[in-house]
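To start, the structure itself, in structure tokens.
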Amino acid sequence: MLRRAAKTPAHAWPSQSIKSTGLREDAGAPQNLFQSGSVWRDTDGNQIQAHAGSVLLHEGVYYWYGENKDGPTYTGYTLGYTTARVDVIGVSCYTSTDLIHWAYTGLALKYSGQAYDRDLAPTMVLERPKVIYNDQTRMFVMWMHIDSADYELARVGVATSSSPTGPFVYQDSFRPHGQQSRDLTVFKDDDGAAYIAYSSEDNAVMHISQLTPDYTHVTPHYIRSMARLKREAPAMFKHDGLYYMLTSGCTGWEPNRAEVFYATHPLGEWRTVGSPCTGATELEVAHTYFSQANFVLPVAGQPGHFIFMADAWDPDDLGSSRYVWLPMWVIEAKTRPPRTPSPPPVLRVGTPPSPATLSPVGPAPPVDVIVRWFDVWQLSDFKWQPRPRPWL
């Protein structure tokens, strides 16, 4: 059941509050359907608090982790942008077997009041928690962006647990390779190797590194990619031997154009595919449906089918921010003429302190990544296959 968006969308303009401009206050859709922009509630009827998070499928159960922002929103001005924050509450965990009905299991990670986890104190910033499972150690490992209220700390934080619902024990925070780290993601490959990608160098460059075998630290080597493009909110996924990274621009809490990059290896050269967004007005597409992506979830048993997960931020009340989940396809691209991307898509692979240089423009991408807006949809709708775009 696919229902297209109306010609006049109900999305918020970036400078306005979501609630004041018409995004749905109640779910309103029949059960077993995804409805982006509505208030999503757990099985107890409470609004879901799992912002900028990730979903882990483990032994047939989905675990949704995200920031709990159920508190007052404080605004400020940092790094050239208006900032908004909520005192750190912790990382929520919800469980589901169908991705529709979510049961709250509590805070998987929270501040204990002890010196060892002072990074989780209410006055700090905890963002974008991502969890992967280590088959060798049988531990669940959570990575997150840890920062000070003025966003000058720019570190990664690591926590571990023997249970997917926690409690996670906070280990430490650090700057990978001595470099700034803000928005991040972690990705576990088919061979068990894991990688981290994070915005660095004042958000101008994406850094990517392999994790140690226990997934709790980074290995010595890393690459610098997407230099000068100012990309953040990375989400890495894989299909048919190629790796993809969904990113957003850096405009604070205001939405912007999503862009997908691809590579033959996480530590290889990343090239642009372009914006994946379709199925809505030009304004919506240009602003990623007025949302910012946080994760890409493969649909189990359906190669090439993914769920695009994003947050429709309300900077006036972050706890009221909504979720945007939409179908996403990776399909073979149509033949297209060579093009000159603007801005250039990639940085050469290298290690600082060498200066960033742009790689030459390569061939057109062999794939197309397509996200399509629908007011309501369900997993069975993936049988509908979009056509590749003639060029991006």
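Mind the numbering: the sequence shown is residues 668 to 1059 in my numbering, read in order.
Positions of the beta carbon are idealized from the N, C-alpha and C atoms, including for glycine.
Since the model is a prediction, treat every value here as computed from it, not as a measurement.
- Message: Can you look up D909 in the DSSP assignment and give me helix, strand or coil?
- Response: Sequence inspection shows Leu at residue 909; the Asp mentioned does not correspond to that position. L909 sits in a strand when the DSSP states are folded into three classes.
- Exposed unless 16 or more other CB atoms sit within 10 angstroms - verdict on N713: So N713 counts as exposed.
- Message: Please identify the residue among V722, E868, E951 whose C-alpha is closest to the C-alpha of V808.
- Response: The option with the nearest alpha carbon to V808 is V722.
- Are the CB atoms of V836 and L793 nearer to each other than 8 Å? No.
- Item | Host alpha helix (DSSP H) of L1064 (start-end) | The chain is shown only over 668 to 1059; residue 1064 falls outside these bounds and no answer can be derived.
- Continuous alpha helix (DSSP H) stretch holding L950: start and end: Element bounds for L950: 949-953.
- Query: Which one of P880, D802, G845, P843 has the shortest CA to CA distance from P831?
  - Reply: Closest in alpha carbon position to P831, among P880, D802, G845, P843, is D802.
- Message: At the level of alpha carbons, what is the spacing between Q838 and I998?
- Response: Near 40 Å, if we compare the C-alpha coordinates of I998 and Q838.
- Query: Which first and last residues belong to the beta strand (DSSP E) in which G733 is found?
  - Reply: Run containing G733: 728-734, per the beta strand (DSSP E) assignment.
- Task: Could you have a look at R662 and say whether DSSP puts it in helix, strand or coil?
- Result: Lying before the first or after the last residue shown, residue 662 is absent from the chain, which here runs from 668 to 1059.
- Query: Beta carbon of P965, beta carbon of K1001: below 8 Å?
  - Reply: Result no, Cβ atoms of P965 and K1001 do not sit closer than 8 Å.
- Message: Using a Cβ distance threshold of 8 Å, determine whether the segment 886-895 contacts the segment 868-876, with at least three qualifying pairs required.
- Response: Enough Cβ pairs lie closer than 8 Å, so yes.
- What are the residues that DSSP puts in a beta bridge with L878? According to DSSP, L878 bridges with V885.
- Query: Looking at C-beta atoms only, is the number of pairs between the segment 845-862 and the segment 776-789 that lie closer than 8 Å three or more?
  - Reply: Contact between the segment 845-862 and the segment 776-789 is absent, because fewer than three Cβ pairs lie under 8 Å.
- Message: Taking contact to mean 3 or more Cβ pairs, one atom from each stretch, closer than 8 Å, check whether the segment 722-735 and the segment 760-768 are in contact.
- Response: Judged by Cβ distances under 8 Å, the segment 722-735 makes contact with the segment 760-768, as three or more pairs qualify.
- Task: Would you tell me roughly how many angstroms separate the C-alpha atoms of S1060 and G733, rounded to the nearest one?
- Result: Here the chain comprises residues numbered 668 to 1059, so residue 1060 is not present and cannot be evaluated.
- Query: Given Y800, which residues of its chain have a CB within under 7 Å of its CB, disregarding the five upstream and five downstream residues?
  - Reply: Only L723, H725, F807 meet the Cβ criterion.
- Classify S829 as buried or exposed, calling it buried when 16 or more other Cβ atoms lie within 10 Å of its own Cβ. In this structure S829 is exposed. Its beta-carbon is surrounded by fewer than 16 other beta-carbon atoms within 10 angstroms.
- Task: Compute the beta-carbon to beta-carbon distance between W1040 and A900, rounded to the nearest angstrom, for a pair I have assumed lies under 8 Å.
- Result: Contact doesn't hold; Cβ gap of about 19 Å is too wide.
- Identity of the residue in Q969, M912, L820, R895 nearest I863 by Cα: Checking every option, the nearest Cα to that of I863 belongs to M912.
- Message: Let's see if you can read the secondary structure: which residues bound the beta strand (DSSP E) around A826?
- Response: Residues 822-828.
- Using three-state DSSP, classify G845 as helix, strand or coil. Here DSSP, grouped into helix, strand and coil, assigns G845 to helix.
- Message: Between the segment 1043-1052 and the segment 943-959, can you find at least three pairs of beta-carbon atoms closer than 8 Å?
- Response: As far as the Cβ criterion goes, the segment 943-959 does not touch the segment 1043-1052, which means the pair count is below three.
- For I998, write down the residues that DSSP places opposite it in a beta bridge. Residue pairing for I998: DSSP places it in a beta bridge opposite D1035.
- Answer yes or no: do S866 and P922 have a C-beta to C-beta separation smaller than 8 Å? No, they are not a contact pair.
- Query: Do you know how far the Cα of R895 is from the Cα of A871?
  - Reply: Each residue's alpha carbon lies about 5 Å from the other.
- Any idea if N699 is buried or exposed, counting beta-carbon neighbours within 10 angstroms, 16 or more meaning buried? Burial call: exposed.
- Do you know offhand how far S634's Cα is from A925's? Lying outside 668 to 1059, the shown extent of the chain, residue 634 is not represented and no answer is given.
- Nearest to Q969 (by Cα), restricted to the options M791, D856, F701, Q1052: Its Cα nearest to that of Q969, the residue Q1052 stands out among M791, D856, F701, Q1052.
- Task: Using three-state DSSP, classify K897 as helix, strand or coil.
- Result: DSSP places K897 in coil when its eight states are reduced to three.
- Under 8 Å, do M995 and V1036 count as touching if we go by C-beta distance? It is a contact, given that the beta carbons lie within the stated cut-off.
- Put D711 into one of helix, strand or coil per three-state DSSP. The answer is coil: DSSP assigns D711 none of H, G, I, E or B.
- Pairwise C-alpha distance: S705 and L985: Distance between L985 and S705, taken at the CA atoms: about 15 Å.
- Query: Got a sec? Which residues, its chain only, sit under 8 Å from P1060 by beta carbon, not counting five neighbours each side?
  - Reply: Nothing about residue 1060 can be reported from this structure: the residues present for the chain run from 668 to 1059 only.
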